[in-house]
Structure formats: C-alpha cells, structure tokens
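Residue numbers (my numbering), protein chains in the order written: chain A, 93 to 236; chain B, 93 to 236.
Using N, Cα and C, we set each Cβ at its ideal position, and we do this for glycine too.
Nothing here was measured: the structure is a model prediction, and the numbers come from that model.
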DNA sequence: AATCTAATTTATAATAATTATAAATAAAGA
DNA sequence: TCTTTATTTATAATTATTATAAATTAGATT
C-alpha cells in the first residue's frame with residue numbers, strides 16, 4: 093500500500109466507491125509502519141472527521157483486506173487485530189511489554205515465497221512472529 | 093504435556109490444587125493433537141462431568157499456560173484461541189476451509205531455538221503459521 | 001479423623017473486539 | 001440532474017474471554 097491513486101483506481105475497478113472517510117483512512121495507512129489496530133486508526137481519524145464512526149473504519153479495513161492491500165496480524169497476547177499495509181512478505185517482532193510490532197526482513201530463501209506445498213497443504217500465506225522484548229523494554233525491565 | 097503424574101506433581105509444587113475437574117482436563121489434553129479451543133474441551137468435559145463450568149476450563153487453561161505446559165495459538169482467521177499441549181518448538185499448518193491445525197516439524201536449524209536476539213529484541217518465542225488448504229479441502233474446493 | 005484456610009468451582013455479570021442492522025446519505029454513472 | 005446502489009451512521013447483537021462473589025473443596029495442620 094504505497095500509492096493512494098493506484099489504490100483508489102483498483103478499488104473503483106472492483107466496484108468500491110471512494111468516500112472522504114475512505115480516502116482519509118487510506119492516507120493514515122499509507123507508509124504507516126506502526127501496525128495500528130482499528131481503534132488506533134479511528135482515534136487519528138476522529139481528529140480530522142469528528143463525526144466518523146468506528147464501523148466505517150472496520151468496513152474500510154475489511155475492504156482493504158479483500159483487495160489484498162493490507163494484512164491482518166493475529167497475536168496471542170493481544171486481543172485486537174493489528175493491520176499492516178506492507179503486504180510484501182516479511183516477519184514481525186512483537187514486544188510483550190509495550191505491544192509494539194516491528195518489521196523484520198525475511199530470510200532471502202523465503203523472499204520468493206508465494207505458494208508452496210507442505211504435508212499436502214496448499215499454502216497461500218506464511219506468518220512468522222517473534223515474541224520478546226524490544227530494546228527499550230529490556231532496559232526498563234532490567235531496572236525494575 | 094506427556095505425563096499426567098509429572099504434570100500434577102509440578103502443578104502442586106507451584107501451589108496449585110488438583111481438583112477432579114482439572115484432572116479430567118489434563119486427561120483430555122495429554123497426547124491431544126487436535127489443537128482444541130476452550131469450548132471444544134468444555135464439550136468433551138461436559139459428557140464426563142455434566143455440572144462443570146466453562147469458566148473452569150478457562151481457569152485451568154490459564155494455569156497450564158502459566159506452567160508452560162501448553163501453548164496458545166492465535167490465528168487471524170479464527171477468533172478463538174487454540175491450545176497446543178506440544179510445547180516443543182514446531183510450526184503449524186492452518187486450513188482456511190475446515191479450520192484444522194496440523195503440526196509440522198521445524199527445520200533442523202531452528203530446533204535448538206530457545207532464545208535469540210533480533211534487531212535488539214530479546215526473543216522468547218517464535219510462532220510460525222502456514223495458512224492454506226488441507227488435502228481434503230483442496231479436493232472439495234476443486235469440485236465446487 | 002476432624003478442622004481449617006486458601007484455592008477453586010460455579011453461575012452469572014462484565015468487558016471488549018468485531019459484526020450486523022436498518023434508516024439516512026452520498027458516490028458515480030446515465 | 002436523476003437514479004441506483006454502496007456507504008455511513010448510530011446502535012444493537014454477537015462472541016470469546018475475564019471478573020465477581022458466594023458456595024465448595026483440596027490438602028495441610030492438628
């Protein structure tokens with residue numbers, strides 16, 4: 093999810109209408125590497141469009157998911173879904189203390205990964221998450 | 093989570109009391125590779141102990157998680173947590189059609205993985221999930 | 001074996017994330 | 001500008017899980 097104009101063109105081609113709300117959500121997501129949850133996006137959006145509804149955020153996120161423009165990230169220590177506008181294959185680091193998610197490049201071997209077969213499964217996606225403590229939180233936890 | 097007697101001993105050592113409900117949940121989980129959700133366990137349990145409460149299942153699962161006897165698996169296409177009594181490092185295959193989870197051995201390189209540092213993160217756990225379609229569902233989807 | 005105390009169970013309420021609903025609105029094509 | 005259909009909004013519903021508080025019980029102590 094790099095270019096808003098291309099994104100809009102693709103969305104329209106698929107029959108989606110482009111509303112000001114959606115346009116604004118696109119802007120929030122483009123080049124966003126904070127892996128926000130729906131509510132994070134809603135909070136930013138509310139400052140710009142005070143009457144916007146949280147349902148619209150979910151609606152738009154689901155639309156972008158269908159278009160393959162964003163990925164959903166599930167975490168076992170966090171009960172809301174986090175969204176990632178970088179759909180190129182990569183792994184994630186999750187800090188169990190501050191809940192931050194950081195991208196990590198995949199091993200070269202896996203970069204070309206698109207579809208593969210394992211144990212008879214037809215694989216469409218691989219998700220790799222490292223759980224641990226980020227540099228800042230390591231320090232904090234060391235002191236306490 | 094192989095041996096119930098060892099598990100009980102360890103739980104008691106940590107100050108947990110062993111109730112018939114817990115004993116029965118342990119039995120359900122030992123050598124169980126179906127990656128059940130809390131409600132799956134509750135349904136099996138109810139047949140053996142009709143008055144048991146779902147809260148007890150959650151309570152016991154949380155206890156086992158604290159003891160490191162089971163792992164929780166988060167999936168972005170499934171909204172309940174799945175539990176895995178095999179805590180030895182391994183990956184998962186998840187079928188997007190029937191929601192089955194199948195274990196896959198890890199690459200030899202990763203077998204020794206316990207703790208590692210990436211981008212300054214202190215890693216305590218790695219979770220790898222392949223999303224796709226199991227052999228049975230591939231066939232079903234082919235026909236439709 | 002009887003007693004005691006803290007942990008556990010139970011039923012139920014609360015919470016939190018997300019989805020569904022339905023009326024009002026607005027995008028975009030004719 | 002008109003029309004159709006998707007979208008937005010507010011709100012209710014749903015679902016998984018956690019919290020609460022009274023009743024029960026495991027397991028240590030006597």
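Buried or exposed by the 16-neighbour rule on C-beta atoms within 10 Å, applied to residue i
{"i": "residue 106 (chain A)", "result": "exposed"}
{"i": "residue 141 (chain A)", "result": "exposed"}
{"i": "residue 234 (chain B)", "result": "exposed"}
{"i": "residue 112 (chain A)", "result": "exposed"}
{"i": "residue 110 (chain A)", "result": "exposed"}
{"i": "residue 206 (chain A)", "result": "Annotation note: pLDDT 48 at residue 206 (chain A) (below 50); position unreliable, coordinate value reported separately. By the neighbour-count rule (16 or more Cβ atoms within 10 Å), residue 206 (chain A) is not buried but exposed."}
{"i": "residue 216 (chain A)", "result": "exposed"}
{"i": "residue 114 (chain A)", "result": "buried"}
{"i": "residue 103 (chain A)", "result": "buried"}
{"i": "residue 152 (chain A)", "result": "buried"}
{"i": "residue 203 (chain A)", "result": "Confidence at residue 203 (chain A) is low in this model, with a pLDDT of 39, below 50, so the placement of that residue should be treated as unreliable; the coordinate-derived value is given next. Result: exposed."}
Among the options, the one whose alpha carbon lies nearest that of residue i
{"i": "residue 159 (chain B)", "options": "B:214, B:236 and B:93", "result": "B:93"}
{"i": "residue 195 (chain A)", "options": "A:154, A:219, A:212 and A:148", "result": "A:219"}
{"i": "residue 167 (chain A)", "options": "A:118, A:133 and A:187", "result": "A:187"}
{"i": "residue 154 (chain B)", "options": "B:210, B:213, B:108 and B:225", "result": "B:108"}
{"i": "residue 124 (chain A)", "options": "A:180, A:175, A:212 and A:191", "result": "A:175"}
{"i": "residue 39 (chain B)", "options": "B:197, B:172, B:193 and B:165", "result": "Since the first and last residues shown for chain B are 93 and 236, residue 39 (chain B) lies out of range."}
{"i": "residue 163 (chain B)", "options": "B:209, B:211 and B:129", "result": "B:129"}
{"i": "residue 150 (chain B)", "options": "B:173, B:169 and B:139", "result": "B:173"}
{"i": "residue 208 (chain A)", "options": "B:214, B:161, B:226 and B:211", "result": "B:226"}
{"i": "residue 211 (chain A)", "options": "B:224, B:210, B:211 and B:169", "result": "B:224"}
{"i": "residue 238 (chain B)", "options": "B:236, B:213, B:178 and B:191", "result": "What is shown of chain B runs 93 to 236, which leaves residue 238 (chain B) out entirely."}
{"i": "residue 126 (chain B)", "options": "B:144, B:165, B:156 and B:148", "result": "B:165"}
{"i": "residue 192 (chain B)", "options": "A:95, A:119, A:213 and A:191", "result": "A:213"}
Contact belief for residue i with residue j at Cβ below 8 Å, rounded distance in angstroms
{"i": "residue 184 (chain A)", "j": "residue 222 (chain A)", "result": "7 Å"}
{"i": "residue 137 (chain A)", "j": "residue 117 (chain A)", "result": "6 Å"}
Proximity test, residue i beta-carbon vs the ligand ADP heavy atom, cut-off 7 Å
{"i": "residue 167 (chain B)", "result": "The ligand ADP is not part of the structure shown, which contains no ligands of any sort."}
**Message:** Report the start-end ranges of each alpha helix (DSSP H) in the segment 171-230 of chain B that is 4 residues or longer and not cut off at the edges.
**Reply:** At a cut-off of 4 residues, the continuous stretches assigned as alpha helix (DSSP H) that sit fully inside the segment 171-230 of chain B are 200-203.
**Prompt:** Is there contact here, the segment 98-115 of chain B with the segment 224-232 of chain A, by at least three beta-carbon pairs under 8 Å?
**Reply:** Fewer than three beta-carbon pairs drawn from the segment 98-115 of chain B and the segment 224-232 of chain A are found closer than 8 Å, and the two stretches are therefore not classed as touching.
**Item:** Runs of beta strand (DSSP E) wholly within the segment 104-160 of chain A (minimum 3 residues, chain order)
**Value:** Runs of the beta strand (DSSP E) inside the segment 104-160 of chain A: none found.
**Item:** Inter-stretch contact at 8 Å, needing at least 3 Cβ pairs: the segment 170-185 of chain B / the segment 132-147 of chain A
**Value:** Because the criterion of three Cβ pairs below 8 Å is not met, the segment 170-185 of chain B and the segment 132-147 of chain A do not touch.
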